[in-house]
Amino acid sequence: MDGPLTLPQPETTGADYFDLAAAQNARAAGEVLHFPPFELAHWGGLTFCLNYHNDPIQRALRAGTFYEADVLAEVLRHLPEGAHILDVGANIGNHALFFATRAKAARVVVIEPNPLAMAPLFANVIVNGLEEVIDLDYLGIGLSDEDAGGFAMHRHDRNLGATKMRKGGGDLQVRRGDDLFGDQVFHFVKIDTEGMEIKVLSGISEMVDRCQPTILVEVFHGHIPALMNWMDSHRYQPVADWPVATDTSNYLLQPLG
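Next comes the structure, spelled out in structure tokens:
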């Protein structure tokens, strides 16, 4: 396929682009799964289904490397063998596939509410035979500090990962992570939620206190004071950071002591 894919307009990027419920039902029944058009990139023993021509993550995968490979290399040093990982804002699965295949994680739970990302994410897990490791059961929702509905995705045409979830005008739901996951254990948490990172952290605070996971979080610079307050409350410290854009950075956090 040459050139950029023709994608739906922002108002038509819901179930008519990718019907998650239909895909889940077909998977459970062993029936044929239906997906929108993709480009395919194959390297490193993996096949990547891609649907955005200019997206930074998908450009990296087309070029034969994981997006944020330097960050992932550092994260790998902090992951125990057979880790259980929570990937909040999984996008198309760049990090999840790395965790499942390079880090040899035992389980990766992916959270992703955006149909434009869910379609290639779901496909990437299926075509690479990773259903036993990457848990698709929590797709279609976001995480926050409360259970709420009425959210919509506000699409970014050049960067799929920059799509923001906003209150009003939609039927997407967010859940408080502590209520959603109960007493499940996670050794590592990755958060990339385009401005909702503090709400996500607040909503998993009980799990964090109980499990003491290493955390990789993308933070808007205006939210750094709130992040510092959260770290003080839960006895965490930053051990590494990387710039992402002019207004965001990734922080790797670990418990004190």
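The sequence shown: position 217 = 221 (the working numbering), numbered continuously.
Heads up, the beta-carbon is just placed ideally off N, CA and C, and yes, glycines get one too.
Which of the three DSSP states is assigned to residue i in this structure?
i	result
residue 217	coil
residue 194	strand
residue 224	strand
residue 52	strand
residue 119	helix
residue 80	helix
residue 183	helix
residue 106	coil
residue 28	helix
residue 91	strand
residue 129	helix
residue 147	strand
residue 66	helix
residue 57	coil
residue 20	coil
residue 139	strand
residue 72	coil
residue 86	coil
residue 245	strand
residue 207	helix
Cβ of residue i within 9 Å of Cβ of residue j?
i	j	result
residue 219	residue 205	yes
residue 37	residue 130	yes
residue 124	residue 224	no
residue 146	residue 122	no
residue 88	residue 109	yes
residue 140	residue 28	yes
residue 78	residue 256	yes
residue 22	residue 126	yes
residue 245	residue 226	no
residue 200	residue 148	yes
residue 68	residue 47	yes
Is it right to say residue i is buried, meaning 16 or more other beta carbons lie within 10 angstroms of its own, or is it exposed?
i	result
residue 150	exposed
residue 243	exposed
residue 93	buried
residue 120	buried
residue 212	buried
residue 196	buried
residue 189	exposed
residue 100	buried
residue 136	exposed
residue 198	buried
residue 207	buried
residue 20	exposed
residue 191	buried
Can you give me the C-alpha to C-alpha distance between residue i and residue j, rounded to a whole angstrom?
i	j	result
residue 248	residue 233	22 Å
residue 72	residue 154	32 Å
residue 96	residue 261	35 Å
residue 49	residue 105	9 Å
residue 194	residue 91	5 Å
residue 221	residue 202	9 Å
residue 58	residue 76	22 Å
residue 32	residue 24	12 Å
residue 215	residue 133	29 Å
residue 175	residue 210	27 Å
residue 64	residue 70	6 Å
residue 235	residue 259	9 Å
*Indicate whether the contact test is met: 3 or more Cβ pairs, each with one atom in the segment 174-188 and one in the segment 234-252, closer than 8 Å.*
These segments do not touch.
_If contact is defined by three or more beta carbon pairs under 8 Å, each pair taking one atom from either stretch, is the segment 115-128 in contact with the segment 74-87?_
Result no; under three Cβ-Cβ pairs closer than 8 Å.
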